[in-house]
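Right, one structure below, let's go through it.
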Amino acid sequence: MLEEIESLRLVDHHCHGVLVRELDREGLEGKLTETSSLGPLGGSLFDTRIGFAVRRWCAPVLDLEPHASPDDYAARRADLGATEVSRRFLSGAGLSDLCVDTGFTPEPLLEPAELGNLAGARGHQVVRLEDLAEKVVAEGVGVSAFAHEIRARLDTCAGDAVGFKSIAAYRAGLHLSGERPSASEIRAAAERLHREGERALAGGSGLPRVSDETMHRFLVWCAADYGLPIQFHVGYGDSDVDMHKADPLLLTPLLRELEPTGTPVMLLHNYPYHRHAGYLAQVFQNVFVDVSLATHNVAHRAPVLLAELLELAPFGKVLYASDAYALPELYYLGALFFRRGLAHVLDEGIHDGAWTQADASRIAGLIASGNARRAYELGVPI
Amino acid sequence: MLEEIESLRLVDHHCHGVLVRELDREGLEGKLTETSSLGPLGGSLFDTRIGFAVRRWCAPVLDLEPHASPDDYAARRADLGATEVSRRFLSGAGLSDLCVDTGFTPEPLLEPAELGNLAGARGHQVVRLEDLAEKVVAEGVGVSAFAHEIRARLDTCAGDAVGFKSIAAYRAGLHLSGERPSASEIRAAAERLHREGERALAGGSGLPRVSDETMHRFLVWCAADYGLPIQFHVGYGDSDVDMHKADPLLLTPLLRELEPTGTPVMLLHNYPYHRHAGYLAQVFQNVFVDVSLATHNVAHRAPVLLAELLELAPFGKVLYASDAYALPELYYLGALFFRRGLAHVLDEGIHDGAWTQADASRIAGLIASGNARRAYELGVPI
Amino acid sequence: MLEEIESLRLVDHHCHGVLVRELDREGLEGKLTETSSLGPLGGSLFDTRIGFAVRRWCAPVLDLEPHASPDDYAARRADLGATEVSRRFLSGAGLSDLCVDTGFTPEPLLEPAELGNLAGARGHQVVRLEDLAEKVVAEGVGVSAFAHEIRARLDTCAGDAVGFKSIAAYRAGLHLSGERPSASEIRAAAERLHREGERALAGGSGLPRVSDETMHRFLVWCAADYGLPIQFHVGYGDSDVDMHKADPLLLTPLLRELEPTGTPVMLLHNYPYHRHAGYLAQVFQNVFVDVSLATHNVAHRAPVLLAELLELAPFGKVLYASDAYALPELYYLGALFFRRGLAHVLDEGIHDGAWTQADASRIAGLIASGNARRAYELGVPI
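Residue numbers (the numbering used here), protein chains in the order written: chain L, 6 to 387; chain U, 6 to 387; chain C, 6 to 387.
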């Protein structure tokens, strides 16, 4: 199936922007994984599955031999310059659409439209809910106007964006209640956020941080009123996440309440809880799942993760995403290992007689783009 | 080993009854997995591993070609009629004994004896503890007589039944204390259940719902006095279960207290926590495990689950079960994929030189029926 | 890679001592796994992956045919005598260094130097923190002198030992706070421990048991002042552990605080949470991981565990350990299955083109001994 799947253009339903600045070897290593360095005792970040994958698969895209040394790779990258490097990897990823989370910008990144241009694809925006709320407070909107202002901004966003995203996993954790919060609960949560905003302002950090169970839940329920997909960070992330609070099963009470609204819920990443996510995708009509971020980090092990996800997850509920951030290599490797992983799983089924070649082709189309196109109402690309 | 294992008759130590009514395609899809539908965005439930398995393996049993379309399959099924379909799949499963949980009957199902007749096997009864308690309350037995009445009914049941079952995982969760509750704790729990019974009656729903940690534990300890195996639902189920509260490790304190009684504890399903279950089967003398329900849902991935379960689980502690419910196909597919999975694991060991062919044959016999026969004291079938 | 890896001498960075007494078949079975018996219903402990591995791989070391029967194996073992059996298996393990946890001695065991002699390797000591605190209390050191005395003993230990170990997982669980406890918190914890010490003395059991979150944390922070690696029991153990409280992710808050100190943290065993541990090894600079204990218990499945660990764990952060205890066979099998597992993972990468043969050789050296040598500052063996 690999050749066939290589010909399919993918919808990358969750990614971030690409860095615009140039990177040296240290800078490159610092963006490869979810840590910036392994410290004095841990060795090089090139001695990881993703590090070897860069040397094996990305080097040829920059006209180097496979398995080029990290230093040669970094030098060639610098020679070509950030724009050319981004163009090569993004155009090589074979995408039709990118859904870009624009709410995490610790330094300048390419915007969705620029990403789309480099990729020869359409760039769409996903609005990060907590980011929106933090900005509302930082801009001085008072407690009594808070809920109204959030809804007004979501109204505006909903016209342009294809979806929303919650990072509750990084803050309060995913153990959210199911109920839509009451007006008084929302007001109390807004008051807490404003007090934090005042402290943040006094402390010079500027932005308050949403990390309140009620506030996360309020934002999710507001978003649910638009019917656009709501993405949740789940599982694997950097050292800021308490990963045991990011098990997707903790969302069960909320998923139970959201199901009747029909709003699609997109569980992102999920590793190492991807079997849990597969279960949720089976039993809740509106749950969709991926293994983004892990796919390129585990590299040649991607077939194992996809196979585990697809134990219970219906084939109509699984999406592709890279969760690429900063390095254009990650858009390329995410797509490459996803294609190889999916081909492996489908070929194995053909070989075992589990399904026919025709069914395998149909499923490949669903997972590569059809499911995302349906859930995000993306329409057919030109 | 596959040919040899295909010749072994299995003890299915946990299943439910088969529907007596006819099913159209929608009805069939609604019983394939742990959800009734994937909704407007999720596609067909035939686009799942179990869906493809029905088309591949069940179609020929109904005289269709492998990989028949879902519509053709549903049509042929309707032509043959429910009884003939049930007869073909149950007799094709190659069973010697079925231990049938008779406590979940949202609509009419075949009784154990009827199932046994269709399967050419012996049908045994397993009594669901919470169901028994709920009926006692609904029948108007008062608080002061409650505990006595439970024991009296268990006395009666214990003569006919081969085991008991707890669905604490679906209600309070598996985080049960270890201790046998005191008389005053039992009385307080009975009072809570009676109050709920009165509310249920007033609300028109008839039956109260046991969902109280003390009540679950009381029922388990009563059952333990009979020495018959006690089954626990663990892990994978429908969307009513909070699966993170159904991790078998949560039972550790109770298992520690039950071990000295010698009462066998049967951990059912376990997916995705089957490695946790395997560990418990190693360290607690009275714990037995299976990967039922998941086996047919993951279909051709069954060898992976069995291999993971058998990492730590001693070969004398692993059982076969289907957890089939409603569709006769599930008894057939559970047995089929279990046999293929077990053959795969044992063949791999022979190939690696891990064990001899003779040892593999001996282990196959234990897992196919010997362990269940020993734990349930089933004796040898005619 | 197997031949090459068989030529590498391993650092076993976590093991215990070997029994000095002779064992009959029952005694042998009782030390094979994490349980002493499977009881009347569970069959023989030789019917486990580890049991078959002893028959397959250990029998030839004792001049028997592969797959010798358990009785023949036990008889031959008795003929040779404990010392000769220990010599054969320890010298056959191919070790350069053993780091021996000397804090668990329910009966006489060989000391690190004696183990080293039999193995033709260097034996190092690892000091168990809770054991040290329990002895301080049992020896009558008062509450006001407690903290000072702990530090004085650690000062002494730190000269001889290569590391420390915490068994918090077996007592309070791994859900420890991150902060270094204050003087008043330490005093309160010491008071609780002394009260328990008095009760233990009165009850005739002699030693108090550290099982207090603050006390575990105090000991860890004291140890961290020496910069020597601190080992944590994680995951798989005997039935005394509440394994769901031994998930390494529960250590996240403490790891976050320990990272800036640079003290290496060694997560031991980790099964079935080894993917969680691999994640921690990626995102925290000072975290190192292994799959000890599980490696020989799962035997021929060791490649699967290592591959899962190495999904996210950087190759510079993974160590070898046996966690062998009591039976010399376990040092031998731990090393044997680790070598086979590592060879399998590296060969697969070469076959997939993920890395070159030269890189594979370099990684093998890191994981076999280089990473441990660096973290424990072991220097190069003679």
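The beta-carbon is built from N, C-alpha and C at its ideal position, and this holds for glycine as well.
| said: Here's the rule I'm using: 16 or more other beta-carbon atoms within 10 Å means buried, otherwise exposed. How should C/Phe-223 be labelled? | reply: buried
| task | Let me know if L/Arg-156 comes out buried or exposed under the rule of 16 or more other beta-carbons within 10 Å of its beta-carbon. | result | exposed
| chain L contact for U/Val-296 (CB, 9 Å cutoff) | no
| message | My assumption, with CB atoms under 8 Å, is that U/Leu-95 sits in contact with U/Leu-120. Please give the rounded CB distance. | response | 7 Å
| said: Do L/Val-167 and L/His-129 count as a contact pair if the criterion is CB distance below 9 Å? | reply: yes
| C-alpha distance - U/Lys-322 paired with U/Ile-372, whole-angstrom precision | 8 Å
| message | With H, G and I counted as helix, E and B as strand and the rest as coil, what does DSSP make of L/Phe-109? | response | coil
| Does C/Glu-39 get closer than 9 Å to chain U when you measure Cβ to Cβ? | yes
| field | chain L contact residues for C/Val-16, given Cβ-Cβ distances below 7 Å | value | None at all; the shortest Cβ gap to chain L is about 15 Å.
| request: Rounded to whole angstroms, what's the CA-CA distance from U/Gly-147 to U/Arg-197? Just pull it up for me. | output: 12 Å
| field | Neighbour flag for L/Arg-197 against chain U, beta carbons, 9 Å | value | no
| Proximity test, Cβ basis, 9 Å: L/Val-241 and chain C | The sequence shown places Tyr at residue 241 of chain L, rather than the Val named in the question. Yes, L/Tyr-241 lies at the interface with chain C (some Cβ there is under 9 Å from its Cβ).
| field | Completely contained beta strand (DSSP E) runs for the stretch 199-224 of chain C, where each covers 3 or more residues | value | none
| field | 8 Å Cβ cut-off: residues of chain C touching U/Lys-322 | value | Leu-43, Gly-47 and Gly-48
| Where U/Asp-247 and U/Gly-48 are concerned, what is the direct C-alpha to C-alpha distance, given to the nearest angstrom? | 25 Å
| query | Which word fits L/Glu-184, buried or exposed, when buried means at least 16 other C-beta atoms lie within 10 angstroms of its C-beta? | reply | exposed
| field | Within 7 Å of chain L by C-beta, residues of the stretch 212-235 of chain C in sequence order | value | none
| field | Outcome for L/Arg-344 when other beta-carbon atoms lying within 10 angstroms are tallied against a minimum of 16 | value | buried
| message | Could you tell me the alpha carbon to alpha carbon distance between U/Pro-308 and U/Leu-347, rounded to whole angstroms? | response | 7 Å
| Does the separation of the CB atoms of L/Leu-137 and L/Gly-97 fall below 9 Å? | no
| request: Just the chain C side, please: which residues come within less than 7 Å of L/Arg-61 by C-beta, in chain order? | output: Gly-358 and Ala-359
| For U/Asp-106, is the classification buried or exposed, using 16 other Cβ atoms within 10 angstroms of its Cβ as the cut-off for buried? | buried
| query | CB U/Phe-342 to CB U/Val-292, shorter than 9 Å? | reply | no
| query | Does any CB atom of chain L fall closer than 9 Å to the CB of C/Asp-165? | reply | no
| said: Measuring only the C-alpha atoms, how far is L/Gly-125 from L/Cys-104? | reply: 14 Å
| query | Whole-angstrom Cβ separation of U/Glu-334 and U/Cys-162, contact assumed at under 8 Å? | reply | Actually they do not touch by this definition, with Cβ atoms about 30 Å apart.
| CB L/Ile-55 to CB L/Leu-351, shorter than 9 Å? | no
| message | Between L/Gln-287 and L/Glu-264, how many whole angstroms is the CB-CB distance? I'm expecting something under 8 Å. | response | No, L/Gln-287 and L/Glu-264 are not in contact; Cβ-Cβ is about 13 Å, not under 8 Å.
| request: Output the distance between the C-alpha atoms of C/Gly-384 and L/Val-131, rounded to the nearest integer angstrom. | output: 53 Å
| task | Report the three-state DSSP secondary structure of C/Ile-235 (helix, strand or coil). | result | strand
| query | C/Gly-242 lies in the beta strand (DSSP E); which residues open and close that run? | reply | Where C/Gly-242 is concerned, there is no enclosing beta strand (DSSP E), given that its DSSP letter is neither H nor E.
| Residues in the stretch 302-316 of chain C with C-beta within 9 Å of chain L's C-beta atoms, listed in sequence order? | Ala-312, Glu-313, Leu-315 and Glu-316
| query | Which residues, in order along the stretch 259-285 of chain U, keep a beta-carbon less than 7 Å from a beta-carbon of chain C? | reply | Arg-261, Pro-269, Arg-280, His-281 and Tyr-284
| task | Please list the partners that U/Arg-379 has in chain C, where partner means a Cβ-to-Cβ separation under 8 Å. | result | Leu-46
| Given 8 Å as the limit, is there contact between the stretch 202-222 of chain L and the stretch 237-251 of chain C, that is, 3 or more CB pairs closer than that? | no
| Does any residue of chain C bring its CB to less than 9 Å from the CB of L/Phe-57? | yes
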